[in-house]
Amino acid sequence: MAVVEVQGLLKCYGGRAVVDGVSFEVADGEIFGVVGPNGAGKTTTVECIEGLRRPDAGQIRVLGLDPQRHARQMRRQLGVQLQASRLPDRLKVWEAIDLYATFYDDPADAAELLELLGLTEHRNVRFAKLSGGQQQRLSIALALVGRPQVAVLDELTTGLDPHARRDTWTLIEQVRDRGVSILLVTHFMEEAERLCDRVAVIDRGRIVALDTPTGIVTVAGGEHRLRLVPSAPVDRQQLAELAEVTDVAQRPHELVVTGNQHVVQAVMAWLAHEQIVAEKLRVDQPNLDDAFVALTGRSLADADTPGVDR
Amino acid sequence: MRPLTKTIQVEIKLLVRDLSAVLWVALPPLALFGIGMLIPGFLDPQPDLEPAGLRLIDIYLPILLVFTLTLTATMAVPSALATYRHQGVLRRLRTTPVGPAPLLAAQLVANLLYAAVAATLTIVVALVVFDVAPPASWSASALALALAAWTLFSIGLIVGAVAPSPTAAPAIGSLVWIPLMALGGLWAPREAMPTVMRQISDLSPTGAAVDALQHAWFGSGPAISSLLVLTVSALAFGATAAAVLRWE
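Shown next, in the form of structure tokens:
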């Protein structure tokens with residue numbers, strides 16, 4: 015069953031389509047990622063889902079409800095964490111949760127929520143005094159306080175240090191394990207790869223790929239790379255002639271072989287046949303970043319539209 | 131607890147935690163105390179004031195009460211609104227079942243209470259230190275203050291809607307309250323104004339508020355035309371505020 019359905023979503027600003035015919039479904043219980051560079055239309059898409067923006071065309075259903083026509087009903091069941099949304103500086107952690115709890119009919123237990131998000135010892139701290147990671151955790155807590163069936167989390171690890179980011183990932187998995195379906199917006203491919211069951215890659219307002227992270231990487235291709243130190247000299251010419259191999263390079267301390275997705279098996283078989291042992295073997299597989307380059311012809315950093323965050 | 135009551139409670143807490151707000155509350159009573167004590171002649175009866183024998187300190191009480199409302203409405207309300215909008219607080223509330231309306235209402239209630247505290251302190255100083263008479267008509271005084279509050283807080287909401295950023299809000303607020311209070315007689319009371327300015331003052335919300343309150347407080351009959359001006363301004367500015375209000 016789909017908890018979020020988006021069909022042919024179109025949203026224009028100044029005659030330009032920022033979201034151009036986006037369709038996807040989020041299944042019950044999954045973590046669904048919307049990934050892409052800044053300015054690709056990710057936030058506009060989820061803001062239409064949250065009912066903050068009115069689509070120019072297309073249909074959206076959240077738990078069967080129209081975000082515009084059944085806004086109030088939908089908001090009871092949809093938890094939201096907005097990109098760059100703050101709380102009043104002098105509001106304390108427990109007060110924020112206490113306040114938001116009054117907005118819902120059957121709110122979550124505040125103490126339990128604080129515990130889940132690791133905020134118990136910060137409950138009397140004012141918002142402005144929290145670290146970036148703590149502020150993000152509080153904003154996730156507020157997204158969960160209404161016991162939503164679906165949560166939309168927009169760029170929740172932007173601005174966090176790597177450690178806080180990993181903590182947040184673990185937390186998101188715990189939230190999903192409690193039965194909340196999650197729609198995650200991110201421009202970190204690593205985050206999408208680590209967390210998401212399925213991913214929609216958006217570029218310039220359109221979905222360019224929609225699959226599991228592994229599926230996207232496999233279909234998009236991209237280079238697999240082996241680094242190894244052979245136990246005996248290798249005939250590089252002969253190695254390069256293997257169908258799966260595209261390049262062989264001798265570096266000062268290692269041999270680097272690149273090729274398609276089957277290159278690892280092919281090279282290992284060939285080495286075994288030549289009775290050569292590969293020492294210090296390392297395999298670099300393509301990731302979503304590489305897949306994005308393969309799909310769009312641009313790197314993620316180049317694709318960022320400066321100053322635009324939609 | 132219901133969302134509105136809880137939000138009001140939270141907004142009052144936040145206001146009390148703001149040290150500068152706590153200090154500002156002492157400004158109107160201190161101003162009254164200062165002018166009464168320091169400016170010569172303020173405590174002498176003036177035969178040409180209406181009703182005869184009123185002192186300057188007496189007519190400054192209504193002026194300072196309207197000043198209290200004006201300052202809160204045009205400085206505190208727009209700042210809070212612009213800040214909440216800028217920080218995405220209002221936007222975040224739009225994604226909840228209750229929306230941002232309770233926060234807006236709570237802001238107004240908290241600031242009205244704040245103004246009420248400052249006004250009460252000012253009245254206490256007037257009555258206790260300077261022996262100003264209590265209101266001749268409590269209900270007419272309350273009506274004048276209520277209409278003035280409605281008008282001025284609507285103006286504050288308009289400033290908050292127009293202000294492009296939290297830093298612009300107090301700047302625009304100052305551009306609004308300074309002329310408003312000039313017309314209200316803060317620097318020169320209405321009785322001392324040149325004819326043209328006095329005529330403009332009669333039609334301004336603050337001038338009308340001071341006039342209506344002065345009549346109600348000192349018992350010189352109802353100020354019909356000023357109450358009419360106040361009612362029209364309350365309706366006009368209230369409707370404008372509702373029309374221009376924006377959450378983002």
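Respectively, the protein sequence lines represent chains F and P.
So that you can map any letter, position 132 of the first sequence is 146 in the working numbering, and since no number is skipped, the others follow by simple counting.
So that you can map any letter, position 175 of the second sequence is 305 in the working numbering, and since no number is skipped, the others follow by simple counting.
Where a beta carbon is used, it is the ideal one built from N, C-alpha and C, also for glycine.
Being a predicted model, the structure only gives us computed values, none of them experimental.
Sequence-distant residues of its chain with Cβ nearer than 7 Å to Pro-300 (chain P) (five each side left out): So the list reads Met-205, Ser-209, once near-sequence residues are dropped.
Arg-224 (chain P) versus Arg-67 (chain F) - alpha carbon distance: If you take the alpha carbons of Arg-224 (chain P) and Arg-67 (chain F), they lie about 11 Å apart.
Positions along the stretch 202-231 of chain F whose CB lies within less than 8 Å of some CB in chain P: Answer set for the stretch 202-231 of chain F: empty.
Beta carbon of Ala-248 (chain P) nearer than 8 Å to that of Leu-375 (chain P): For the 8 Å CB-CB criterion, Ala-248 (chain P) and Leu-375 (chain P) do not form a contact.
Whether Leu-179 (chain P) touches Glu-321 (chain P) by CB criterion (8 Å): Yes, the Cβ-Cβ distance between Leu-179 (chain P) and Glu-321 (chain P) is below 8 Å.
For Thr-58 (chain F), the nearest candidate out of F:Val-213, F:Asp-168, F:Ala-280 (CA to CA): Out of F:Val-213, F:Asp-168, F:Ala-280, F:Asp-168 has the C-alpha closest to the C-alpha of Thr-58 (chain F).
Candidates F:Asp-120, F:Arg-75, F:Pro-247, of which the one nearest Leu-158 (chain F) by Cα: It is F:Asp-120 whose Cα lies nearest to the Cα of Leu-158 (chain F).
Exposure label - Glu-205 (chain F); buried when at least 16 CB within 10 Å: Buried, because 16 or more other Cβ atoms sit within 10 Å of the Cβ of Glu-205 (chain F).
Nearest-angstrom beta carbon gap, Val-270 (chain F) and Val-277 (chain F) [assumed within contact, 8 Å]: Not really, about 11 Å apart at Cβ, beyond 8 Å.
Under 7 Å by beta carbon: chain P residues contacting Ala-98 (chain F): Residues of chain P whose Cβ lies closer than 7 Å to the Cβ of Ala-98 (chain F) are, in chain order, Gly-218.
Distance, His-238 (chain F) Cα to Leu-302 (chain F) Cα: Each residue's alpha carbon lies about 13 Å from the other.
Enclosing alpha helix (DSSP H) for Arg-222 (chain P) [first to last residue]: Boundaries of the alpha helix (DSSP H) around Arg-222 (chain P): 219-224.
Within chain P, partners of Tyr-118 (chain F) - CB distance below 7 Å: Neighbours of Tyr-118 (chain F) on chain P, chain order: Pro-227.
Chain-ordered neighbours of Thr-137 (chain P) on chain C, where CB pairs are closer than 7 Å: This model lacks chain C altogether, as its protein chains are F and P.
Status (buried if at least 16 other CB within 10 Å, exposed otherwise) for Ala-142 (chain F): Ala-142 (chain F) is exposed by the Cβ-count criterion.
CB of Leu-100 (chain P) within 8 Å of CB of Ala-342 (chain P), strictly: The shown model of chain P, from 131 to 378, leaves out residue 100 (chain P), and the question about it has no answer.
First through last residue of the beta strand (DSSP E) which encompasses Asp-7 (chain F): Because chain F is modelled from 15 through 324, residue 7 (chain F) falls outside the range shown and cannot be assessed.
Bridge-paired residues (DSSP) for Pro-175 (chain P): DSSP lists P:Arg-185 as partners of Pro-175 (chain P).
Arg-89 (chain F): contacting residues in chain P (beta-carbon distance under 8 Å): Those within 8 Å of Arg-89 (chain F) in chain P are Thr-225, Thr-226, Pro-227.
Neighbour-count burial assignment, Lys-294 (chain F), 16 or more Cβ in a 10 Å radius: Lys-294 (chain F) is exposed by the Cβ-count criterion.
Closest by C-alpha distance to Arg-327 (chain F), when choosing among F:Gly-173, F:Ala-165, F:Leu-198, F:Thr-172: The structure shown does not extend to residue 327 (chain F), since chain F is modelled only from 15 to 324, so the question has no answer here.
Short Cβ contact (8 Å threshold) for Trp-307 (chain P) with Gly-368 (chain P): Cβ distance not < 8 Å, so Trp-307 (chain P) and Gly-368 (chain P) don't count as in contact.
DSSP state of Gly-321 (chain F) mapped onto helix, strand, coil: Because Gly-321 (chain F) sits at a pLDDT of 46, beneath the cut-off of 50, its placement in the model cannot be relied upon, and the following sentence gives the value as read from the coordinates. Of the three classes helix, strand and coil, the one that applies to Gly-321 (chain F) here is coil, per DSSP.
Arg-320 (chain P) at chain F interface by Cβ criterion, 8 Å: With 8 Å as the cut-off, Arg-320 (chain P) does not count as an interface residue toward chain F.
Exposure of Ala-203 (chain P), with buried meaning 16 or more beta-carbon neighbours within 10 Å: By the neighbour-count rule (16 or more Cβ atoms within 10 Å), Ala-203 (chain P) is buried.
Selected residue, minimal CA-CA separation from Val-196 (chain P), among P:Leu-357, P:Thr-336, P:Phe-348: Minimum Cα distance to Val-196 (chain P) is reached at P:Thr-336.
Short-range partners of chain F found in the stretch 137-167 of chain P, where Cβ spacing is below 8 Å: When CB distances to chain F are screened at a threshold of 8 Å, the residues of the stretch 137-167 of chain P falling below it are Thr-137, Val-140, Lys-143, Leu-144, Arg-147, Asp-148, in chain order.
Interface positions of the stretch 187-214 of chain P facing chain F (Cβ-Cβ less than 7 Å), listed along the chain: Residues of the stretch 187-214 of chain P with a Cβ closer than 7 Å to any Cβ of chain F: none.
Beta-carbon proximity check, Tyr-319 (chain P) vs Thr-252 (chain P), cutoff 8 Å: As written in the sequence, residue 319 (chain P) is Pro, which differs from the Tyr given in the question. No. Outside cutoff.
Burial state of Glu-187 (chain F) (16 or more Cβ within 10 Å): Exposed: under 16 other Cβ atoms inside 10 Å.
Euclidean distance between Cα positions of Tyr-344 (chain P) and Tyr-214 (chain P): Here the sequence assigns Gln to residue 344 (chain P), which means Tyr is not the residue at that position. Gln-344 (chain P) and Tyr-214 (chain P) have their alpha carbons spaced roughly 37 Å apart.
Residues from the stretch 58-90 of chain F in contact with chain P, defined by Cβ distance under 7 Å: Within the stretch 58-90 of chain F, contact with chain P at the beta-carbon level (separation under 7 Å) is assigned to Glu-64, Leu-66, Arg-86, Arg-89, Arg-90.
Chain F contact for Arg-376 (chain P) (CB, 8 Å cutoff): Chain F contact via Cβ: absent.
Neighbour-count burial assignment, Ile-169 (chain P), 16 or more Cβ in a 10 Å radius: Exposed, since its Cβ has fewer than 16 Cβ neighbours within 10 Å.
Spatial distance of Leu-273 (chain P) from Leu-358 (chain P) (CA atoms): Their backbone Cα atoms lie some 12 Å apart in a straight line.
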